[in-house]
Amino acid sequence: MSWLVLILSGVLETVWAAALGASKGFSRVIPAVVFLIALLLSMSGLAYALREIPLGTGYAIWVAIGTIGTAVYGVVVLGDPASATRIACLGLIVAGVVGLKLLA
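Per the working numbering, the very first residue in the sequence shown carries number 2; after that it's consecutive.
Below, the structure is given as structure tokens:
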């Protein structure tokens, strides 16, 4: 259960990061509210997951899910560049997360 909660919390990290950008410095109310709710749920889920998952592993995986999710959101929705170098670097993050999961 902790791993599922950790993954969902990582996805919520993507949500709050996207909402933070959309809030335009908290000047737009709805994205700011989405940011706050997603942040609270993401952090709460991380805290729950860390009861059973080692801190270094859990935090690294949570951050990686949020980083990859936010980068994909940027490319797909915001039109950020999808260069081969960027994709390769994201692949290295995925490889690191898989390594942490398999070796933890």
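Where is the CB? At the ideal position from N, CA and C, for every residue including glycine.
### Query
Whose C-beta lies closer than 8 Å to the C-beta of A50 among residues of the same chain, with five residues either side of it excluded?
Taking the sequence shown and counting its residues from 1, one reaches residue 50 at position 49. Only S3, W4, V6, L7, S10, G59, W63 meet the Cβ criterion.
### Query
Once you ignore the five residues that flank L13 on each side, which residues in its own chain have a CB closer than 6 Å to its CB?
Sequence index remark: in the sequence shown, residue 13 carries index 12 (1-based). Correct list, in chain order: A39, L42, S43.
### Query
What residue from A33, D81, G57, V16 has the CA that sits closest to G97's CA?
For the purposes of this step, residue 97 is identified with residue 96 of the sequence shown, where counting begins at 1. Of the candidates A33, D81, G57, V16, the one whose C-alpha sits nearest the C-alpha of G97 is G57.
### Query
Which residues in the same chain have their Cβ closer than 8 Å to the Cβ of L21, if we skip the five residues on either side of it in sequence?
Here residue 21 corresponds to residue number 20 of the sequence shown, with the count starting at 1. Cβ neighbours of L21 beyond the five flanking positions: P32, F36.
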